[in-house]
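Q: The structure under discussion is supplied below as structure tokens; questions concerning it will follow.
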Amino acid sequence: MKCMDPDNSAVWQLLPGKDHKLDIDGDSPTPTENGVLSSNATLSKCSTVPRNMCLNGYSKETGHHFYPKFRHSRMLHSRQRKRVILKNGGVNISRENVSKRSQRYLQDIFTTMVDIQWRWNLLVFAMGFFVSWIVFAIVWWLIAFAHGDLEHEGDEEWNPCVKNVHSFVTAFLFSVESQHTIGYGYRYTTEECPEGVFMMCIQSVTGVMIQCLVAGMVFAKIARPKKRSQTLMFSRYAVVCLRDGKLCLMWRVGDMRKSHIIGAQISAQVIRRKVTLEGEVIPYYHTQLEVRSDDAGDRVFLIWPATIVHEIDESSPFYNMSAQDILSDTYELVVALEGTIESTGQSIQARTSFVPTEILWGHRFEQMVSYQKETGEFLVDYRKFNNTYEIETPLCSARDYYEYRRLMSVSSRAVSYCGATTEAASLASFRRSESTPEAHSTSSQTAGGDNNPLSGSCDEC
1 MKCMDPDNSA VWQLLPGKDH KLDIDGDSPT PTENGVLSSN ATLSKCSTVP RNMCLNGYSK
61 ETGHHFYPKF RHSRMLHSRQ RKRVILKNGG VNISRENVSK RSQRYLQDIF TTMVDIQWRW
121 NLLVFAMGFF VSWIVFAIVW WLIAFAHGDL EHEGDEEWNP CVKNVHSFVT AFLFSVESQH
181 TIGYGYRYTT EECPEGVFMM CIQSVTGVMI QCLVAGMVFA KIARPKKRSQ TLMFSRYAVV
241 CLRDGKLCLM WRVGDMRKSH IIGAQISAQV IRRKVTLEGE VIPYYHTQLE VRSDDAGDRV
301 FLIWPATIVH EIDESSPFYN MSAQDILSDT YELVVALEGT IESTGQSIQA RTSFVPTEIL
361 WGHRFEQMVS YQKETGEFLV DYRKFNNTYE IETPLCSARD YYEYRRLMSV SSRAVSYCGA
421 TTEAASLASF RRSESTPEAH STSSQTAGGD NNPLSGSCDE C
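Quick note on UniProt numbering: the sequence shown kicks off at 1 and runs consecutively.
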């Protein structure tokens, strides 16, 4: 396993399967009785970290740090990409130079009103009523002015269009009473003016329409599934560790509500820079990741928090990346959970992202679910939702690790074959020696000669 000294950038090789101690006073590691720290690059770098050495470079024997903090990638990551998707699921995008932007927003006024901030939504809510009152107040005042009601104020013999409307203030009060069907009392329309009766009907219908539209926009903004996504939780960090002999990238997702998400489906993408064969530079190239929850595929049953697994295999963009590459490269892992809200039937999507500084190499999530015999229920402890613990994990890339395991398997089979061949040859020679003395002499000469085919096979093995 290769390790880098962050102080002098020296690269050291850790022999597999050995115990190691550090020379605190010296500038370089020193060999001990049980092992050696060497700078020879011929040794394997795919061995797991020994138990007495933590992945963050802390030695439990000496209490001092030496190895680079692969868990805390801030030590390695000097160029961090700004997030496309924020941790709370917001999109970190600003749009500029859009032609006819205001006109396009007004063409889809309902969606615009739902998407704007609450202060603007409530302002439009109030202004919608107030402006309609003012407009119809002006209309009623013009009707009274055209009919001559303002000139005959106080004349009991005069029959006006609207009783007791003799100024703009009284016209405004009559407009509010007509639009909200408060009920006519001191001010009311008469049969003197047909235009007054017609305008009263128009204002009543307009008032109902305005109330339905504005109230509907406010209700739609309150009932948005975006608020439901705030109760869906993603782990603060993603981890990389071994599972079933394969390197896996994992993170957690959970639902804190009792009402479940129906048909929950998880997806993940990696956003990173790519250069094509033609030399084209794509700064934000999306790569879809194969993810699963246990053996259920990308379907997630969120009765309790689930661990989402991405197996780093040949199809993974992380296949050729070592621990240092994953923790120091520039990319963003975007994950999304989609489903249907059980109580409302609305579709929902919760999002988050992980940058290299939020990926822990050589960690595994703690178990959260336990069974309570006293109550007969399963207990989910959300205090452990983000808790991890260190485990032995190779620091090389998945490709090198799988190749290392393949070579070790081939070597083990070769040693087993040679052992079985030698044992069979010895047993056959012993049986021949017991049958006749001549056979014993012949077998001894044959076994000790240079032309023994079995002996040659074992030597080659």
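Here a beta-carbon is modelled for each residue, glycine too, at the ideal position from N, C-alpha and C.
Using CA atoms only, rank isn't needed, just tell me which of E195, T181, C161 and W251 is closest to L360.
A: L360 has its Cα closest to that of W251, out of E195, T181, C161 and W251.
Q: Taking only runs of the beta strand (DSSP E) that begin and end inside the stretch 238 to 284, which ones reach a length of at least 3 residues, in chain order?
A: As far as the stretch 238 to 284 is concerned, its whole beta strand (DSSP E) runs of at least 3 residues are 238 to 243, 246 to 255 and 261 to 275.
Q: Assuming contact is defined by CB atoms lying nearer than 8 Å, are H260 and E338 in contact in what I supplied?
A: The answer is no: Cβ separation not under 8 Å.
Q: To test your reading of the DSSP string, which unbroken alpha helix (DSSP H) runs of 4 or more residues are found completely within the stretch 93 to 119?
A: List check, alpha helix (DSSP H) in window: 101 to 107 and 109 to 115.
Q: Alpha carbon to alpha carbon, what distance is there between N387 and P394?
A: Looking at the two C-alpha atoms, the distance is approximately 21 Å.
Q: Quick check on I312: buried or exposed, where buried means 16 or more other Cβ atoms within 10 Å of its Cβ?
A: That one is buried.
Q: Would G89 pass as a contact of S229 if the rule is Cβ separation under 8 Å?
A: It is a contact, given that the beta carbons lie within the stated cut-off.
Q: Excluding five sequence neighbours on each side, which residues of the same chain lie with their C-beta closer than 6 Å to the C-beta of Q269?
A: Correct list, in chain order: H286, Q288 and V334.
Q: Taking C-beta to C-beta, are F125 and V214 nearer than 8 Å?
A: Cβ distance < 8 Å, so F125 and V214 count as in contact.
Q: Three or more beta-carbon pairs under 8 Å between the stretch 238 to 253 and the stretch 307 to 323, yes or no?
A: At 8 Å Cβ cutoff, the stretches touch.
Q: Mapping the DSSP letters down to three states, classify residue 537 as helix, strand or coil.
A: A question about residue 537 goes unanswered here, because the residues of the chain that appear run from 1 up to 461.
Q: Would you report the Cα separation of S347 and S267, rounded to the nearest angstrom?
A: Between S347 and S267, the C-alpha separation is close to 15 Å.
Q: Measuring only the C-alpha atoms, how far is R187 from V165?
A: The straight-line gap from Cα to Cα measures roughly 7 Å.
Q: For A398, which of helix, strand or coil comes out of DSSP?
A: In this structure, A398 counts as helix in the three-state DSSP scheme.
Q: By alpha-carbon positions, which one of C193, K384, F378 and T352 ends up nearest to Q367?
A: Taking only the C-alpha atoms, the option nearest Q367 is K384.
Q: Taking 8 Å as the cut-off, decide whether the C-beta atoms of V300 and V253 are in contact.
A: The answer is yes: Cβ separation under 8 Å.
Q: What is the residue span of the beta strand (DSSP E) that G207 lies within?
A: Segment P194 to I222 is the alpha helix (DSSP H) holding G207; no beta strand (DSSP E) there.
Q: Once DSSP output is grouped into helix, strand and coil, what is the label at V410?
A: Three-state result, V410: helix.
Q: Use the C-beta contact count for Y371: other C-beta atoms within 10 angstroms, 16 or more gives buried, fewer gives exposed.
A: Result: exposed.
Q: Three-state secondary structure (DSSP) at M321?
A: Coil at M321, not helix or strand.
Q: Tell me the DSSP secondary structure of W141 in three-state form.
A: Of the three classes helix, strand and coil, the one that applies to W141 here is helix, per DSSP.
Q: Just to confirm, is the Cβ distance from M209 to N121 under 8 Å?
A: Cβ distance not < 8 Å, so M209 and N121 don't count as in contact.
Q: By Cβ distance below 8 Å, which residues in the same chain neighbour N159 in space, the five residues on each side in sequence not counted?
A: Within the same chain, N159 has close Cβ partners T190 and E192.
Q: Which residues in the same chain have their Cβ closer than 8 Å to the Cβ of R104, if we skip the five residues on either side of it in sequence?
A: Excluding residues within five positions, the ones whose Cβ falls inside 8 Å are V98.
Q: Are the CB atoms of A144 and V169 within a distance shorter than 8 Å?
A: Going by C-beta atoms, V169 is not nearer than 8 Å to A144.
Q: If I measure Cβ to Cβ from E195 and keep anything under 7 Å in the same chain, skipping five residues before and after, which residues do I get?
A: Excluding sequence neighbours, E195 sits near I143.
Q: Helix, strand or coil for G128, going by three-state DSSP, please let me know.
A: In this structure, G128 counts as helix in the three-state DSSP scheme.
Q: Are the beta-carbon atoms belonging to S353 and E374 less than 8 Å from one another?
A: Contact flag unset, no.
Q: By how many angstroms is the C-alpha of D294 removed from the C-alpha of D244?
A: Roughly 12 Å separates the two Cα atoms.
Q: In terms of residues, what are the limits of the alpha helix (DSSP H) holding V169?
A: Looking at the DSSP string, the run of the alpha helix (DSSP H) that includes V169 is F168 to Q179.
Q: Apart from the five residues just before and just after K87, which ones in its own chain have a Cβ nearer than 6 Å to its Cβ?
A: These residues qualify, in order along the chain: T352.
Q: Measure from the alpha carbon of W140 to the alpha carbon of each residue in G207, F174 and Q117, then state which is nearest.
A: Measuring from the Cα of W140, the nearest candidate turns out to be F174.
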